[in-house]
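>
Residue numbers (the numbering used here): 871 to 1181.
#1: I need the DSSP call for residue 1002, collapsed to helix, strand or coil.
#2: Count Cβ pairs between the stretch 1082-1089 and the stretch 1105-1120 that sit closer than 8 Å; are there 3 or more?
#3: With burial defined as no fewer than 16 other Cβ atoms inside 10 Å of the residue's Cβ, what is the status of residue 1034: buried or exposed?
#4: Using a Cβ-Cβ cut-off of 8 Å (strictly less than) and excluding sequence neighbours within five positions of residue 930, which residues of its own chain qualify?
#5: Do the stretch 961-981 and the stretch 1030-1047 meet, that is, are 3 or more Cβ pairs less than 8 Å apart?
#6: Leaving out five residues before and five after residue 985 in sequence, what residues of the same chain have Cβ atoms less than 6 Å from its Cβ?
#7: Based on the DSSP output, what are the partners of residue 1104 in its beta bridges?
#8: Looking only at its chain, what residues have a beta carbon closer than 7 Å to the beta carbon of residue 900, apart from the 5 residues adjacent to it on each side?
#9: Can you tell me where the alpha helix (DSSP H) with residue 1069 in it begins and where it stops?
#10: I'd like to confirm the pairing. Which residues does DSSP put opposite residue 942 in its beta bridges?
#11: Given a cut-off of 8 Å on the beta-carbon distance, is the pair residue 1050 and residue 975 in contact?
#12: As a quick exercise: from 1143, 1116, 1029, 1024, pick the residue whose alpha carbon is nearest that of residue 1018.
#13: Which class does residue 1126 belong to by DSSP, given the choice of helix, strand or coil?
#14: Go ahead and label residue 1153 buried or exposed: buried means 16 or more other beta carbons lie within 10 angstroms of its beta carbon, across all protein chains shown.
#15: Give me the Cβ distance between residue 979 and residue 908, rounded to the nearest whole Å; I'm assuming they're in contact under 8 Å.
#16: Who are residue 1031's beta bridge partners in DSSP?
#17: List the whole-angstrom C-beta distance separating residue 1068 from residue 1158, where the pair is believed to meet the contact cut-off of C-beta under 8 Å.
#18: What does residue 875 pair with, by DSSP beta-bridge criteria?
#19: Determine contact between the stretch 1087-1098 and the stretch 1052-1068, defined as no fewer than three beta-carbon pairs at a distance below 8 Å.
#20: In its own chain, which residues sit with a C-beta less than 7 Å from the C-beta of residue 946, not counting the 5 before and 5 after it?
#21: Spatial neighbours of residue 1073 within its chain, please: C-beta separation below 6 Å, excluding the five flanking residues on both sides.
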């Protein structure tokens, strides 16, 4: 079971905060450090000192880490032109020595689009644009050097692009797709995804969606086993009930609710729940949503007390 630390810096974090967490993640032996890609806080958090751009952050971390993989869960297709995104991600992949993964979604958070003057089209158009973005980004990366890439879509048109720069990973960095849509999402995952992620749902819901992705892959002649299954869950792990309650309190959540909807409890309780998830869904990767970025002790606790029991 791959364990990855997943952060939400729009809630309030500087680059230095993220660097501390990323280095702690690497030192503790986790597989990857991921971050959200948002420009506005959610809920009652202050959001101070303000948003940090996901791919600028990851470029910095690419040079200040050595082993840990880096990525987004997920970049919004509404934020960047797909050609610009392809260039940015390829460059960060080069800067990291081939450690980057791109989580790409259609975009959804209305308030951040309004706050920063970003277009958020109606759902059908948004998803149409998202599908074209996946085609453009992967097409640019996969075009052999010396050849050109053209794309004639409804929303994006490229003519004789050299498809440069190339990422360090060939033919391209892994692409992560997720979400609960029952038709178009599984179809896009079957075509483009190296990994399919279900964030913040229960195992029964996740299992049903993984099944739809498998069916969509078979329909186009792809082996479903090529697509990694993963989930994202908030964590509040403590050595005893008092420490669990303290960590839940920092998040403003009830322990009972976190036990039901996330990964909360002592290490043995969390190991048992991960086992249930694995049995019901076949996941091989977990993104642990760490909302308190000052809590480096929890990163170390999970690495030392939970991870060894998941082999």
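No residue lacks a Cβ here, since even glycine has one placed at the ideal position from N, Cα and C. This one's a predicted model, so the numbers in the text were calculated from it and none came from an experiment.
On the basis of the coordinates in this document:
#1: In the structure shown, residue 1002 falls within a helical segment according to DSSP collapsed to helix, strand and coil.
#2: No, the stretch 1082-1089 is not in contact with the stretch 1105-1120.
#3: exposed
#4: Hits under 8 Å: 885, 889.
#5: yes
#6: 910
#7: 1159
#8: Here the set comprises 873, 874, 875, 938, 1173.
#9: From DSSP, residue 1069 is part of no alpha helix (DSSP H) but of the beta strand (DSSP E) over 1065-1069.
#10: 905
#11: no
#12: 1029
#13: helix
#14: buried
#15: Sure, about 6 Å apart at Cβ, within 8 Å.
#16: 1019
#17: Rounded, the Cβ-Cβ distance is 14 Å, inconsistent with contact.
#18: For residue 875, the pairing in a beta bridge is given by DSSP as 903, 1158.
#19: A contact exists between the stretch 1087-1098 and the stretch 1052-1068.
#20: 907, 975, 977
#21: Closer than 6 Å at the Cβ level, and outside the excluded window around residue 1073, lie 1147, 1150, 1151.
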